[in-house]
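Okay, so here's the structure we're looking at.
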Amino acid sequence: MSAESAAAPAAAKTDGWEPKIVAFCCNWCSYGGADSAGMGRFQQPASTRIIRVMCSGRIDPLHVFNAFLEGADAVLVTGCHIGDCHYVNGNDKTKIKYKYLENVVHELGIEKERLQLNWISASEGEKFANFIRDVTAQIKKLGPSPLKPEGVA
Amino acid sequence: MKGSVAVVGGGIAGIQAALDLADSGFKTYLIESRPSIGGVMSQLDKTFPTNDCAMCILSPKLVETARHPNIELLSYSDVKSITGKAGDFKVKVIRKARYVDETKCTGCGSCTEKCPSKVADEYNAGMARRKSIYIPFAQAIPRVATIDAAHCIYLTKGKCGMCKKVCGPKAVDYEQKDKEVELNVGSVVLATGFKPFDPSVLKQYRFDHPDVITALQFERLLSASGPTQGHVTKQTDGKVPKNIAFIQCVGSRNPRINRKHCSSVCCMYATKESIIAKEHDPELNITIFHIDIRAYGKNFEEFYNRAQREYGIKYINSRPSEVTVGPNNALSLKYEDFNTGDLVSKNFDMVVLSIGLDPADSTHALAKSSGIALDDFGNIATSIENPVETSVAGIYVCGVAQGPKDIPDTVAQASAAASKAAALLSPERGTLIKERKFPEEKKLSIEPRIGVFVCHCGINIGSVVNVPQVVEYAKTLPGVTYAQEMLYACSSDSQVTIKDAISKNDLNRVVVASCTPRTHEPLFQNTCREAGLNPYLFELANIREHCSWVHSKEKERATEKAKGIVQMAVAKSALFQPLYKQKVDLINKALVLGGGVAGMTAALDIANNGYHVTLVEKEKELGGMLREMTELYDGKKPADVLKELIGKVSGNKNIKIINEAKLIKVEGYLGNFKGTILASGKELPVDFGAAVVATGARNLEPSGLFEYGKDSHVVTQAQLEKMLANSISAKNVTMIQCVGARSKEREYCGRTCCVDAVKNAIRIKKTNSSANVYVLYRDMRTYGVMEKLYGNARELGVVFIKYEPENPPKVQNGSVIVHDVMLNLDIELASDLIVLSTPLVAGENEEINQLFKIPLDKNKFFLEAHPKLRPVDFATDGIFLCGSAQAPKLIEEAISQASAAASRACTILSRKFIETEGAISIVNEAKCIGCGTCVTVCPYNAPSLYDVTVKAEEVTYTTKKSKINAASCKGCGSCAAACPAGAITAQHFSSKEIGEAIDAFQKGVKSISLEKGVVEVTV
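Line order of the protein sequences matches chains Z and D.
Here the numbering used here is used: the first residue of the first sequence is 1, the next is one more, and so on.
Here the numbering used here is used: the first residue of the second sequence is 154, the next is one more, and so on.
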């Protein structure tokens, strides 16, 4: 697949190209939000794969780097709203780590749209779907990740 | 006294009561008349207001019931009589001849396939045909065949015998006879449910026409497992209908046929069925003819609004006089258009009758034979203060047998009945039970042998995702030894299939691709355990909520994504290792927050179950909102009710009451909470294993609405309630309903306001019959048996005037001007008292939400774990919910919920130990540098540093290392993410496991190689 896309990079950015997005979701809120999106039938692009962790605090910056290095076009870090963490304050820690991550990822030359943080509760199905829709649209505009062979313009 | 309970009726009410009792240490007999448990809920396609698939949430409960070591299921059995007294009842049960040996039948279905005799299928409400030897539905429990003796060719004519010939295990037994057994139990819970109203007595609705069907039949048409696989078609010609009419209140609110009650659920199920039908076919036109729309429950009004706004479902406020059949068999409805006053005739392709809930025949028979009192409607009689206690001590009631109600109210009552029975028998708790036993775990072969089971979920997944393709794809993945598809992976027969596949193929990892692990992981984990696999060798791939449901219009992409999700799950599961839970002690005490009627009832029930309770009330005195009330709708004085309840609570040696207090701090986990209570400036420590939140709600102050606060004649319904303690002088009283409710800023319905208004209108009329009382309403929501009050009020001359929300009443110079919809006129009502019915609004729930980390809904009421089947649970273990802190509700409903919360809490408090999480974090001591970062980040104080003496070759030094306390660790993994040395592994969510899932998504799994027990996945 990569060879084909590399052959026609300009076209690939807009026509039928579907970005690959990794979304880290915590078990209690944002994964539930994704479930609620399903229960509410809130349609969204099939661009995203969810990785379930028990708490957003579990998300190691290395997991995010790993996702980028493996070729993710975007990485989403999601969790409970601040104050709602099932594990007291896991998402506060996520927030701190995220600030650091954001800087490093930016320094690496990865556009800011490719790493996003969002707090989504288990009842916010529509919000989850909208988030996926928005991010997918943004990444489609940007094209493949610069870390991918086909993403290097 | 016996430590056992008989639960009569195996619908959702009986199932919940049985599970609670069995989990609290009582031997439970569940007696069901039909061949399978599941009741009417098993026939539903979806449930309102979330449109959750009914079978998907029910099936795990069916499986759990069948598996429970303390539940003995007596299906296809009728209760003949109940004799004896509280603590010692004799229940005579007729075990009807099934003509199939339950112990031998495997439920393979060969007999059904070959049986030549076909009869109407009651599971499909007569819309399809089944065989004379049958298993009622795919998820039936027990999964054994039953012969319908009335239609079996062999049993009626002595010929055929086909089923016996084809039955491999020789289970068919034509000689079987009815058998009478006698159970000796301490208590009885009646959950006998209801009988759907038979509309054929209402000749004007032409139920004889094939396209006039009941809502239950329509439900079957909508269901993927129904006669048309979910496609709505006309019975006459098989064509798709264009115009469908629902007629509400068929067999309800109809004194002429002696059915005065409102059936409580029809408005919402009609709305639900309309939405589902529209989702199937957006071209459909659906009109619902109704008297009032009673969307009174949590999120119902929002659901009703969505039906109109998003689905274009039309609601017409009129009760059609008749259905007529014209030439070509065409159907038309005659009704009065209230806007024009004209009699209209309109054609429809299909007419759905929203039939009411009638008391079951068995309820009546049982009540008669056992001396249990019935109410005016034929339901089992109870009182406001004791909503689950029958007239016979020791016999309790729950669900629709007590009066029409929806599923969450039924489930709450079921738990409540369980709580009462358990309290009665509490000295005998644990005397007759068995421990749940799992086979020993089999030795794992080094190589991963992964089994993949891909679920169709009826058509929920299968209609979007190409399931056979996903199965074929799964078979190509490295490490996958076996893959197959399943119609419903969660059904009991599927559990057998999975277990068989595990043993036949020597599987050591299992991946089920179906729905969300948030609901279904425990079920499949137990199946793995029963097959000798550690539960942590299981992974769910969510291809429903995260795939088929959200990509329903992109079938190919959805199939590709489903493959990807399965691939990720397979890659991750290859790394799974067995994990074990540890047993830790628990504190057998409870904390109840809130000393209103709900909190006091919960405290009392827990105390009566034999556990210590700390009851915390913020005010000086107990009583909560009931203190503000002056009369209950049955005429009782709240003060008397409160006096009795407070007396019981304060006199109970197991209850410690702390007034003028609040909880300010809490830490810990299920079974082991530690909190701090602030009372009169002092901080008191409190230990508890479970907590009940019963903090209530408050009345809305309608500032700025209808001259409230400016005109002294304008009061709230709550203020009128107080005024009515003495007689009032007002001659002209006008009540305005839905003030500050069902509006833009507060979408929900207040639920209790209609009942309160009608009650107070009656009180005014009774003390002064010449007084004029007007009630200005949008829909009168006197649901269930409360309909009686509405009738009484009208008989007493209370005038009800319907207004439209677009044209609300106005208060001007002591008068109310209202546009009467029926008359199409503005009316001026001179009023010396104007009463505003305002809803309950959430109290200070945010404080508790922060303390316990339990969620709130958008109206700031507490959000329960599941709106249907877990109405008093929180998603967080060990914390429960009741009363108006969850949503506005009537007193008896709050009391039911309170007892239910108590029952749920007792399922924990009655345990001997708590099992820790299995998927916890562990420290690799060799890598640990003793920096203490984990100690800093952990909110549960699970890691701690200890001194270690390290002996290297030439030096010996002392350093610090971290260790994690298994009992305190909740498995969030924050420490693993924070550890700078990479010394901590969050088991089951290790970096390696997460990494493999990421890699699999991006590149696909190419191979899985194995060396020395370590699995390496290359991508």
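Glycine residues also receive a C-beta, built at the ideal position from the N, C-alpha and C atoms.
Here the structure is a predicted model, which is why all the values come from computation and not from measurement.
Item	Value
Chain Z residues whose Cβ lies nearer than 7 Å to that of Ile469(D)	Residues of chain Z passing the Cβ test: none, with the nearest at roughly 27 Å.
Assigned secondary structure, Ile917(D) (DSSP; H/G/I helix, E/B strand, else coil)	helix
Met503(D) - containing beta strand (DSSP E), residue span	503-508
Option in Gly937(D), Glu813(D), Ser1097(D) with minimal Cα separation from Leu1043(D)	Gly937(D)
Same chain only: Cβ atoms within 8 Å of Glu957(D), ignoring 5 sequence neighbours per side	Arg931, His972, Val974
Any chain Z beta carbon closer than 7 Å to Asp1152(D)	yes
Residue-chain proximity (Gln196(D), chain Z), Cβ-Cβ < 7 Å	no
Under 7 Å (Cβ pairs) to chain Z, residues found in the region 1134-1153 of chain D	Ala1139, Phe1142, Ser1144, Ile1147, Gly1148, Ala1150, Ile1151, Asp1152
DSSP state of Ser145(Z) mapped onto helix, strand, coil	coil
Close Cβ partners of Gly524(D) (< 7 Å) along its chain, the five nearest in sequence each way excluded	Val545
Neighbour flag for His63(Z) against chain D, beta carbons, 7 Å	yes
Span separating the alpha-carbon of Asn438(D) from that of Thr386(D)	14 Å
Cutoff 7 Å: His1174(D) Cβ touching any chain Z Cβ	Outside the modelled stretch of chain D, which goes from 154 to 1172, sits residue 1174(D), for which no answer is possible.
Cys1081(D) and Ala1136(D) closer than 7 Å at C-beta	yes
7 Å Cβ shell around Thr634(D) - same chain, five flanking residues per side excluded	Arg602, Ile603, Gly604, Asn658, Leu660
Tyr1110(D), buried or exposed, once every other Cβ within 10 Å from all chains shown has been counted against 16	exposed
As assigned by DSSP and simplified to three states, the class of Ser485(D)	strand
Endpoints, alpha helix (DSSP H) assigned at Val272(D)	Where Val272(D) is concerned, there is no enclosing alpha helix (DSSP H), although the beta strand (DSSP E) it sits in stretches over 271-273.
Where the region 75-90 of chain Z meets chain D: residues whose CB sits under 8 Å from a CB there	Gly83, Asp84, Cys85, His86, Tyr87, Val88, Asn89, Gly90
Unbroken alpha helix (DSSP H) run spanning His81(Z), endpoints	Taken as a continuous stretch (DSSP letters only), His81(Z) belongs to no alpha helix (DSSP H), as it is neither H nor E.
Segments of 4+ residues assigned as alpha helix (DSSP H) that fall wholly inside the region 983-1062 of chain D	998-1005, 1044-1062
Straight-line gap, Gly893(D) to Pro363(D) (C-alpha atoms, nearest Å)	45 Å
Span of the beta strand (DSSP E) around Ile441(D)	438-443
Inter-residue Cα distance where the pair is Leu527(D) and Ser234(D)	16 Å
Per-residue DSSP class, three states only, for Thr584(D)	coil
Exposed unless 16 or more other CB atoms sit within 10 angstroms - verdict on Val476(D)	buried
Burial state of Val553(D), where buried means 16 or more other Cβ atoms lie within 10 Å	buried
Beta-bridge pairing of Glu781(D) - partner residues as DSSP gives them	BP columns for Glu781(D) are empty, so no partner.
Simplified DSSP assignment, three categories, for Met888(D)	strand
For Met54(Z), the three-state DSSP class (helix, strand or coil)	coil
Lys356(D) in three-state terms, based on DSSP	helix
Sequence-distant residues of the same chain with beta carbon closer than 8 Å to Gly1166(D), five excluded per side	Confidence at Gly1166(D) is low in this model, with a pLDDT of 38, below 50, so the placement of that residue should be treated as unreliable; the coordinate-derived value is given next. Ile599, listed in sequence order.
Under 8 Å from the C-beta of Lys20(Z): neighbouring residues of chain D	Phe1154, Gln1155
CB contact check: Ala722(D) to chain Z, cutoff 7 Å	no
Of the residues Ser340(D), Thr200(D), Ser990(D), Asn1002(D), the one placed nearest Ile1186(D), counting alpha carbons only	Look at the range of chain D in this structure, 154 to 1172, and you will see that residue 1186(D) is not part of it.
Segment contact flag, the region 243-253 of chain D with the region 217-235 of chain D, C-beta cutoff 8 Å, min 3 pairs	yes
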